[in-house]
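Just so you know, the sequence shown maps onto residues 10 to 193 in the numbering used here. Below is one structure, written out as structure tokens; comments come after it.
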Amino acid sequence: MKRISYFCIMFLGILMILNGCARPPLDRVTQENFPQFTDDLQLDGLLTGAVRHLHYLNALPDDSSFTLGADTYPVSWLRESMNSFIDILKQDPDADELARIIAENFTIYQAGGRRDLPRGEMLITGYYEPFLKGSLTREPPYTFPLYSPPESLIQTRDSKSGKIQFKRKDQHGQLVPYWTREEI
10 MKRISYFCIM FLGILMILNG CARPPLDRVT QENFPQFTDD LQLDGLLTGA
60 VRHLHYLNAL PDDSSFTLGA DTYPVSWLRE SMNSFIDILK QDPDADELAR
110 IIAENFTIYQ AGGRRDLPRG EMLITGYYEP FLKGSLTREP PYTFPLYSPP
160 ESLIQTRDSK SGKIQFKRKD QHGQLVPYWT REEI
């Protein structure tokens with residue numbers, strides 16, 4: 010199988026976005042130092058992420074390229090790599106088989122983190138959308154209702170710090186801090 014570059018499975022998008030913030034150069038990981046690729050979730054989520062990333066790559070101009078470490082990759086090559094990875098995930102390999110396939114067919118890069126953090130420390134963020142089980146009737150185990158945010162809750166941003174603040178209007182129509190959990 011043709012050697013295909015693979016950029017830290019779930020962190021490819023992050024690496025591309027943070028490429029300017031990473032400590033240059035990113036280093037290729039040798040096969041002796043490959044991490045154990047494990048995940049506590051099903052491969053469906055990884056497959057969904059890979060498909061979404063392919064949509065992102067497909068939306069880029071054909072002359073786009075990305076540099077990781079000393080290597081530059083055209084977007085067409087990254088699309089091919091992601092398509093190959095998606096095909097592998099669709100075969101539903103077990104964890105050991107997936108690790109073997111990655112080691113044999115992909116190039117792994119070690120992300121360097123941000124310049125303002127000590128070497129080896131990295132901030133990785135993501136979006137989380139919870140799936141909550143519930144019932145329209147009050148019965149075990151669903152004995153507590155889920156409520157939407159109250160209409161009186163107003164979200165603002167502090168003009169100096171940029172931090173999000175939660176406010177409400179008092180009896181005079183002035184914005185004041187929203188009640189704390191303790192006050193509620």
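Using N, Cα and C, we set each Cβ at its ideal position, and we do this for glycine too. In this text the structure is predicted, and so the values were computed from the model without any measurement.
Subject >> Simplified DSSP state of S93, which is helix, strand or coil >> reply: helix
Original post:
Going by C-alpha distance, which of S168, E41, M91 and G54 is nearest E138?
Top reply: G54
Subject >> Minimum Cβ-Cβ distance from P149 to chain C less than 8 Å >> reply: Of the protein chains in the structure, only one exists, and it is not chain C.
Original post:
Out of P158, S170 and A108, which has the shortest C-alpha to C-alpha gap to R177?
Top reply: P158
Original post:
Is the distance from the Cβ of R109 to the Cβ of G78 below 8 Å?
Top reply: Between R109 and G78, the CB-CB gap reaches or exceeds 8 Å.
**OP:** Quick one: grab the DSSP three-state call for V84.
**Re:** helix
Original post:
What separation, rounded to the nearest whole angstrom, lies between the Cα atoms of A68 and G135?
Top reply: 21 Å
Original post:
Under the three-state reduction of DSSP, which class applies to R109: helix, strand or coil?
Top reply: helix
Subject >> Collapsed DSSP secondary structure at Q183 in the structure displayed >> reply: Note: Q183 maps to coil in three-state DSSP.
Subject >> R61 - containing alpha helix (DSSP H), residue span >> reply: Annotation for R61: the continuous alpha helix (DSSP H) segment containing it runs L52 to A68.
**OP:** In angstroms with no decimal places, state the Cα-to-Cα distance between Y118 and M91.
**Re:** 15 Å
Original post:
If you draw a straight line from the alpha carbon of Y187 to that of T165, how long is it in whole angstroms?
Top reply: 11 Å
Subject >> Simplified DSSP state of K178, which is helix, strand or coil >> reply: strand
Subject >> Limits of the beta strand (DSSP E) - the one that T39 falls within >> reply: Counting along the chain, T39 sits inside no beta strand (DSSP E), nor does DSSP assign it H or E at all.
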